[in-house]
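S.K.: Numbering (my numbering), first residue to last: 235 to 511. Just so it is clear, CB atoms sit at the ideal spot from N, CA and C, and this is done for glycine as well. First, the structure itself, so that you have it in front of you.
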């Protein structure tokens, strides 16, 4: 299913930067979108009397296309075509594809992956009037925009984080950045919903500690070894409301994205806009 969002961002540039608008060259009306297909993993006895279910996995990742032209239907020059190819295929590394709502500032959702195929729409063998680009995600689903919470800590704080994930079985491990202000400082973050607590101790004054979403912890202090100064109980969020208790002295930033299941890039009709701002 093609992308119908009027604005998208990839590698820090948007389609607006290239003066192109999103369109479609094929009629997608009435199209059946088969997506998020699962394969069960089971075994059974030869006589079929007992079945063991080992769970399931998704059989495919999200793949979608986006087509675009100039608003005046002008042809693309060779240099303009090169710039398009450079933008979408200039690196083999994965990147975020952000799809925007009609207001042009609010991210509807984001895909992590890369463009794997670019086709030119031609009037003849040399005249390019548009492009259709295929984006292959690294995952079966999309993600929200980055959710960020910033706190200045000096006394115990309580807060609720509502994880709106569409995947009930997946925990979210957020990025955590803590700037400690006291000598021999500590940070405690307890998720009462899961009865789990992250503890950091013996932090230097003005030390910056980062815990990324891959559960890797590091400090801005050279050759820092946490050892027993960290209990390695990583902060994570279950789907739904998570009740947190936080204590420490300094500045804390928590950021994360949650999974959104959107088929192959579904969109609300009011967010389909056919103009180029």
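With C-beta atoms as the reference, is residue 431 less than 9 angstroms away from residue 476?
M.R.: Contact: no.
S.K.: For the beta strand (DSSP E) containing residue 449, name the first residue and the last one.
M.R.: Unbroken run through residue 449: none, as it is neither H nor E.
S.K.: Where residue 453 and residue 438 are concerned, what is the direct C-alpha to C-alpha distance, given to the nearest angstrom?
M.R.: Residue 453 and residue 438: Cα-Cα distance of roughly 10 angstroms.
S.K.: Based on Cα-Cα distance, which residue from 374, 450 and 417 lies nearest to residue 294?
M.R.: The candidate whose alpha carbon is nearest that of residue 294 is 374.
S.K.: With a CB to CB cut of under 6 angstroms and the five nearest residues on each side skipped, what residues in its chain are close to residue 413?
M.R.: So the qualifying residues of the chain are 442, 484 and 485.
S.K.: Alpha carbon to alpha carbon, how far is residue 237 from residue 369?
M.R.: Approximately 10 angstroms, taken between the alpha carbons.
S.K.: Find the nearest neighbour of residue 239 within the set 397, 344, 324 and 362, judged by alpha-carbon distance.
M.R.: Ranking the options by Cα distance to residue 239, first place goes to 344.
S.K.: Determine the DSSP secondary structure at residue 442, reduced to helix, strand or coil.
M.R.: Strand, per DSSP.
S.K.: Quick one: grab the DSSP three-state call for residue 430.
M.R.: Residue 430 falls in the strand class under three-state DSSP.
S.K.: Closest to residue 496 by CA distance: which of 469, 296, 446 and 311 is it?
M.R.: Of the candidates 469, 296, 446 and 311, the one whose C-alpha sits nearest the C-alpha of residue 496 is 296.
S.K.: Is it right to say residue 511 is buried, meaning 16 or more other beta carbons lie within 10 angstroms of its own, or is it exposed?
M.R.: Low per-residue confidence applies at residue 511: pLDDT is 43, beneath 50, and the placement is therefore not dependable, though the value from the model is reported in the following sentence. With fewer than 16 Cβ atoms within 10 Å of its Cβ, residue 511 is classed as exposed.
S.K.: Whose C-beta lies closer than 6 angstroms to the C-beta of residue 433 among residues of the same chain, with five residues either side of it excluded?
M.R.: 422 and 465, listed in sequence order.
S.K.: CA-CA distance, residue 509 and residue 331?
M.R.: A caution first: residue 509 carries a pLDDT of 43, below 50, which makes its placement in the model unreliable, though a value can still be read off. Answer to the nearest angstrom: the Cα atoms are 20 angstroms apart.
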